[in-house]
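So the sequence shown is numbered by our numbering: it starts at -4 and just counts up by one.
First the structure, in the form of structure tokens, and then the observations on it.
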Amino acid sequence: MEIGLVGLGKMGGNMRERLRRGGHTVIGYDRDPGVSDVASLAELVEKLPSPKVVWVMVPAGGPTRETVGQLRDLLGAGDVVVDGGNSRWTDDLEHAASLAEREIGYVDCGVSGGVWGLENGYALMYGGSPEDVAKVQPAFDALKPEGEFGAVHAGKVGAGHFSKMVHNGIEYAIMQSYAEGWELLEKVDMVDNVTEVFRSWREGTVIRSWLLDLLVAALDEQPGLEGIRGYAEDSGEGRWTVEAGIEHAVATPAITAALYARFVSRQDDSPAMKAIAAMRNQFGGHAMQTEAPKGGDVEGKHDPEVSETSEQAGAGSATETGES
């Protein structure tokens, strides 16, 4: 088939290459002229035969809305727009309704595979009418991994991105579990080689997974994860998963905890923990760590006056109050 691809970053560029390896003609457009096949979005549309299929791989939110809006003015009846970015599923409903006014079809497609997708294929979850999906099916077949699984027509418009959203929420929780297990194994002076323990889990255990393989690869490169700051961003889909759970009264404690752990990772000094330390000092006389005076010791050491602060609290011991 002939297909247009808008957005040729890491994912889009590799998807263009995989489609071409699959025998398809891809006309790519990117704001970076160094990687673009055409000079404009209009030129891309002009070069495609009808019915035209244009796959959008740009950042979610404003950039995607802007691109879909431009394609609405450039495409015609029977053409199809595919959003393969990380859009929120509620945006899909708006895009589909807007394009339908011009009789343009819309398919939303959640894509997973990252930098490995070029060689291994991309897991695809797509939503839309059977008629519109059929127009894109040759591209789906070329992009998916080899074998029986890896791609699914999840349902109507929005179903693809909703499925990908939940997929990413699950991913948060799995990664958090591996990370907590690794920290505990490293902390306790019991296991001789934590990396080898994780490596052994890659075969024959119920917790084996590709994420486990990737963690072992990272530990092989940096056994103690030296030089990596304990700071983790979130793409937004974890938040959307938690919000959807709240909206539909579905408890998602593991996913929610994993999301909150990422929030905590961004704090050099937690305001909430400061408040807890102050309250423990007030009711139990527990020592507080304070900032070292200028020229004094830092890096988590107690201030010389900490023990005095504890003695002067006057609120009784933790044993007396029964609190900790």
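Virtual Cβ for every residue (Gly too), placed ideally from N, Cα, C.
- Three-state secondary structure (DSSP) at residue -3? strand
**Study point:** Simplified DSSP assignment, three categories, for residue 189
**Key:** helix
**Asked** Does DSSP put residue 103 in a helix, in a strand, or in coil?
**Response** strand
Please classify residue 274 as buried or exposed, where buried requires at least 16 neighbouring CB atoms within 10 angstroms.
exposed
query: Should residue 200 go down as buried or exposed, given a rule of 16 or more other Cβ atoms within 10 Å for buried?
result: exposed
Notebook entry, point to check: Anyone know if the C-beta pair for residue 21 and residue 131 falls short of 8 Å?
Noted result: no
Exercise for the section: On a CA-only basis, which of 203, 242, 261 is nearest residue 225? Give me that one, please. Expected result: 261
For residue 127, which residues in the same chain have their Cβ closer than 8 Å to its Cβ, ignoring the five residues on either side in sequence? 75, 100, 101, 102
Discussion item. If I measure Cβ to Cβ from residue 254 and keep anything under 7 Å in the same chain, skipping five residues before and after, which residues do I get?
Written reply: 167, 229, 233, 234, 237
*asked:* Alpha carbons only, please: which of 117, 161, -1 is nearest the one belonging to residue 142?
replied: 117
Report task. Quick one: which unbroken alpha helix (DSSP H) runs of 4-plus residues sit fully inside the segment 176 to 244? Chain order, please. Result -> 189 to 195, 205 to 216, 232 to 242
Would the beta-carbon of residue 45 fall within 8 Å of that of residue 73?
-> yes
Checklist entry - Straight-line CA distance for residue 30 to residue 9? => result 12 Å
Exercise for review: Answer with buried or exposed for residue 265, where buried requires no fewer than 16 other C-beta atoms within 10 angstroms of its C-beta.
Suggested key: exposed
* Per DSSP, cross-strand counterpart(s) of residue 20 -> -3
(Q) Whole angstroms are fine: how far does the CA of residue 135 sit from the CA of residue -4? (A) 11 Å
Buried or exposed for residue -2, please, with buried defined as at least 16 other CB atoms from any protein chain shown within 10 angstroms of its CB.
buried
Residues bridged to residue 122 (per DSSP): 103, 150
To which residues does DSSP link residue 50 through a beta bridge? 0, 77
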